[in-house]
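Using this note's numbering, the first residue of the sequence shown is number 6, and each one after it goes up by one.
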Amino acid sequence: MEQYFAEEALLSMTSHLIFIIITWRLVQAVNFDAFFRKNRVFEARIFIVFITIALGTTVSNFFLDFISWSNNLIYLF
């Protein structure tokens with residue numbers, strides 16, 4: 006039972022990191038200059054990091070939930 010929780014934790018951590026990295030690459034393609042005031046570079050970077058973490062984690066949670074739901078389909082019949 007403990008091994009199941011360890012495997013699930015490892016899968017979740019890996020998934021979150023992968024999707025955060027993918028989201029970071031995608032967010033870098035967007036020009037956010039129009040949304041921030043001049044001389045607010047630090048705040049803009051922190052905002053982009055938070056947006057990246059939020060989006061990456063949300064997408065990762067969706068895929069992890071989908072995998073979990075798929076595994077629970079065996080209990081349907």
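Beta carbons are placed, not taken as given, at the ideal position from N, Cα and C, and that holds for glycine.
Contact between VAL64 and THR28 is confirmed by a C-beta separation of about 7 Å, below the 8 Å threshold. Cβ contact annotation for PHE68 (same chain, cutoff 8 Å, sequence separation greater than five): SER20 and PHE24, in chain order. Counting along the chain, no alpha helix (DSSP H) covers ASP38, and no H or E run does either.
In this structure, VAL32 sits away from ILE51, with a CB-CB distance that is not shorter than 8 Å. Apart from sequence neighbours up to five positions away, the residues of its chain that approach ALA49 with a beta-carbon distance below 7 Å are PHE37 and PHE41, ordered along the chain. Uninterrupted alpha helix (DSSP H) stretches at least 4 residues long and entirely within the region 18-81 occur at 46-77, given in chain order.
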